[in-house]
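Residue numbers (my numbering): 487 to 640.
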């Protein structure tokens, strides 16, 4: 993660807090900005999130892996809701899954702040576009990426 990504992500979080009128604590603001910055250049794979968390819990995985699932749930609920719900899932399920992942990671404050962070991200959504990486000629698995609007390019 570069400082440029962190700066762009922080701008997005601040804009979302302004638009949603939700004031995040410094800890939640930092967590949300670093999670967004990480996923600016890493793909989010929202498929199989529930199974991944169950597998991690069964093998008593490291806290970092649980945190990654929590981050993926948070960002996916905000920006890829249609993809999450396409096969019958609900945003409530994935939000609860993200909170559980943060709890498993030993991050109870972040788990409790999940709804507020989600509100902030959803309020910033007009500044973010989803674009498919698939080639129209090739049948492939769908992959989405986030593209920050011109206001957030540094």
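C-beta: ideal position from N, C-alpha, C; glycine also.
TODO: Report all residues from its chain with a CB closer than 7 Å to the CB of residue 593; omit the five preceding and five following residues, and keep chain order.
DONE: Here residue 593 refers to the residue found at position 107 when the chain shown is read from its first residue. Excluding sequence neighbours, residue 593 sits near 553.
Open item on the list: With H, G and I counted as helix, E and B as strand and the rest as coil, what does DSSP make of residue 609?
Closed with: Translated into the one-based positions of the chain shown, residue 609 becomes position 123. Residue 609: helix per DSSP, three-state reduction.
- [ ] Tell me whether residue 603 sits in a helix, a strand or coil according to DSSP, three-state version.
- [x] By 1-based counting over the chain shown, the position of residue 603 is 117. Three-state result, residue 603: helix.
- [ ] Using a Cβ-Cβ cut-off of 9 Å, state whether residue 554 counts as contacting chain D.
- [x] Of the chains in the structure shown, none is chain D; there is only one protein chain.
- [ ] Note the first and the last residue of the continuous alpha helix (DSSP H) segment covering residue 571.
- [x] Locating residue 571 in the chain shown gives position 85, counting from the first residue. Residue 571 -> alpha helix (DSSP H) spans 567 to 571.
TODO: Check each candidate in 568, 572 and 542 and name the one with the smallest Cα separation from residue 556.
DONE: Taking the first residue of the chain shown as 1, we reach residue 556 at position 70. Residue 556 has its Cα closest to that of 542, out of 568, 572 and 542.
TODO: Assign residue 530 to one of three DSSP states: helix, strand, or coil.
DONE: Here residue 530 refers to the residue found at position 44 when the chain shown is read from its first residue. Here residue 530 sits in coil by DSSP.
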